[in-house]
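The next block holds one structure in the form of structure tokens; read it before the comments.
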Amino acid sequence: MTRQILHVDLDAFFVSVEQARNPALRGKPVIVGGRPGGRGVVACASYEARKFGVHAAMPLGAAHRRCPGAIFLPGDFHTYREYSSRFMEILADFTPDIEPGGLDEAYLDLTGFEPLYGPVRETALRIKSRIRNELGITASIGIASCKIVAKVASDRSKPNGLLEVPPGTERGFLAPLSVRDLPGVGQRTEKELKRIGVVTIGQLAALPPAFLRQKFGSYGEMLGRYAAGMDDRPVQAYGPAKSIGREVTLDEDTLDEGSLRAILRRLAEKVGAELRHEGNQARTVTLKVRYADFETITRSRTLPAASDGDQEIYDTGAVLLEKTLKGRRYPIRLIGIRVSNLGSLARQLSLWDDRARRTAYLDRAIDEIRRKYGFDAIGTGRNHTRE
Ligand code: TTP
Ligand code: MG
């Protein structure tokens with residue numbers, strides 16, 4: 112049976128929230144991320160500011176040079192989170208089959224709903240107008256037979272768009288687009304594909320799977336299937352987190368143990384912060400490494416007792432990293448850490464050990480500062496990297 116998948120994504124989310132609560136900001140170049148003199152980066156730019164070439168992740172100074180007339184705002188995550196849950200609640204009025212992909216986006220599976228709801232396109236329009244009426248912000252929606260195509264469709268329709276890709280036309284819809292428009296293809300994969308003359312998604316789809324596998328591993332094979340509009344991943348309704356992880360593709364492939372450890376430290380702190388935010392503890396830590404030739408490995412270790420401490424997560428990851436580096440010596444392009452085996456068991460007795468208690472308090476104090484001022488507001492002296 113052909114599925115009917117929607118991808119709903121709010122337009123310029125952080126900025127839209129600011130404009131919704133202060134209409135004087137509407138229609139203006141607005142940038143959320145901090146003051147232009149600050150060291151931070153753009154989190155979100157309004158479409159008016161994007162016309163000047165401002166985009167997410169650009170240093171604030173550069174954004175100011177491109178768009179000196181822009182209004183810079185520090186950002187208010189608490190409010191964004193609140194809007195995000197109201198957004199998810201609206202979606203939940205339509206189906207329980209919702210998979211959030213972040214604060215401002217989600218997949219919905221509406222297969223089989225037409226007899227009851229009418230044409231899926233009209234349901235999408237109803238979703239858009241409820242979001243506009245109740246939150247005061249616009250959403251873009253892609254409709255397709257699978258997740259990857261629905262997502263690309265919502266991206267292409269932005270802002271305030273609606274784009275339906277009829278069954279059977281997925282491949283033709285994707286073919287002329289740049290490989291960069293395919294989720295999963297980052298700057299570096301784009302470069303490597305370009306080197307072999309592959310610029311469009313159509314060209315990527317035409318490569319033999321065996322070739323993609325040999326060049327990029329199973330990840331490449333998956334990209335090839337996506338490029339052909341084939342994606343059988345189900346929409347996985349939101350449930351309690353089964354694992355929490357962070358990973359980063361490095362600017363340059365490296366074998367330098369010092370930098371890898373520093374990056375791992377930072378990733379471990381992010382994972383720890385999220386664990387504590389959810390009130391969870393983890394029993395298992397997994398390190399993931401992808402080499403420059405795309406071979407990807409994972410190594411896991413189970414902790415003696417469940418933990419939510421940055422230090423313990425990092426230490427475990429560092430041991431796994433050391434083992435990995437003793438194995439294959441080949442430049443690394445991606446590193447990640449994940450915790451699983453989660454449970455919110457009563458806090459462990461070991462907490463009453465003084466050292467453990469001190470670091471538990473320290474972790475929480477840092478979480479609090481970061482919640483108020485953003486993740487980069489405070490370093491621990493234990494890491495000096497940014498991803
Ligand atoms: P996106 O949905 O990627 O972007 P957007 O909603 O700002 O714009 P649009 O969807 O219309 O293209 O991200 C959602 C929010 O996540 C965004 O408003 C701010 C935040 N974000 C960051 O903080 N840093 C980033 O680098 C990106 C891409 C997003
Ligand atoms: Mg968005």
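Remember, this note's numbering sits 111 above the position in the sequence shown when you count from 1. Even glycine gets a Cβ: it sits at the ideal position worked out from N, Cα and C.
Residues of its chain near residue i, where Cβ-Cβ distance is below 7 Å and the 5 sequence neighbours each way are ignored
i                 : result
asparagine 271    : Asp122, Thr249 and Ser251
glycine 295       : Leu334 and Tyr337
valine 310        : Ser289 and Val290
phenylalanine 125 : Val143, Ala154, Cys155, Gly186 and Tyr191
cysteine 178      : Pro140, Ala160, Phe163 and Val165
Span of the alpha helix (DSSP H), counted from its first residue to its last, around residue i
i              : result
leucine 361    : Here leucine 361 belongs to no alpha helix (DSSP H); instead the beta strand (DSSP E) covers 354-365.
serine 196     : 188-203
valine 231     : 231-246
isoleucine 424 : 421-437
serine 126     : Per the sequence shown, the amino acid found at residue 126 is valine instead of serine. Note, valine 126: alpha helix (DSSP H), 124-132.
leucine 315    : 312-317
proline 226    : 225-228
Length of the line joining the Cα atoms of residue i and residue j
i                 : j              : result
arginine 146      : aspartate 266  : 28 Å
alanine 160       : glycine 420    : 40 Å
arginine 444      : proline 226    : 49 Å
histidine 166     : glycine 151    : 13 Å
isoleucine 448    : glycine 331    : 21 Å
glutamine 459     : alanine 417    : At glutamine 459, the pLDDT of 37 sits below 50, so the modelled position is not reliable; the number obtained from the coordinates is stated separately. So the two alpha carbons sit approximately 7 Å from each other.
alanine 393       : leucine 453    : 4 Å
proline 345       : glycine 180    : 44 Å
arginine 232      : arginine 440   : 52 Å
proline 230       : glutamine 115  : 11 Å
lysine 437        : methionine 169 : 37 Å
phenylalanine 322 : serine 157     : 41 Å
phenylalanine 390 : alanine 384    : This sequence places glycine at residue 390; phenylalanine is not what is there. Their Cα atoms are separated by approximately 10 Å.
histidine 189     : proline 320    : 45 Å
glutamine 347     : threonine 395  : 23 Å
Residues that DSSP places opposite residue i in a beta bridge
i              : result
isoleucine 116 : Asp220 and Ala255
threonine 409  : Lys399
glutamine 392  : Gly454
glutamate 159  : DSSP, once it has assigned bridges, lists no residue as partnering glutamate 159.
serine 418     : Ala393
glutamate 210  : Tyr218
Residue range of the beta strand (DSSP E) that includes residue i
i              : result
proline 320    : First-last for proline 320: 320-338, but that is the alpha helix (DSSP H), not the beta strand (DSSP E).
isoleucine 142 : 141-143
leucine 184    : 182-184
leucine 171    : Leucine 171 -> not in any beta strand (DSSP E); alpha helix (DSSP H) instead, spanning 171-177.
leucine 285    : From DSSP, leucine 285 is part of no beta strand (DSSP E) but of the alpha helix (DSSP H) over 281-285.
Spatial neighbours of residue i in its chain, beta-carbon cut-off 8 Å, leaving aside the 5 residues before and after
i            : result
valine 206   : The residue asked about is misnamed: residue 206 is threonine in this sequence, not valine. Correct list, in chain order: Leu219, Asp220, Leu221 and Phe224.
cysteine 539 : Only positions 112 to 498 of the chain appear in this structure, which leaves residue 539 out of reach.
leucine 318  : Val309 and Gly335
Same chain only: Cβ atoms within 6 Å of residue i, ignoring 5 sequence neighbours per side
i             : result
glutamate 216 : Asp120
leucine 273   : Ala235 and Ile252
leucine 285   : Ile312 and Gly340
Sufficient close CB pairs (3 or more, under 8 Å) joining the region 321-329 to the region 395-414: Short answer: they touch.
Segment contact, 8 Å Cβ cut-off, at least three pairs: the region 270-288 with the region 340-349: Short answer: they touch.
Sufficient close CB pairs (3 or more, under 8 Å) joining the region 211-223 to the region 194-201: Result yes; three or more Cβ-Cβ pairs closer than 8 Å.
Touching by the beta-carbon criterion (3+ pairs, under 8 Å), the region 234-242 and the region 134-149: Judged by Cβ distances under 8 Å, the region 234-242 makes no contact with the region 134-149, as fewer than three pairs qualify.
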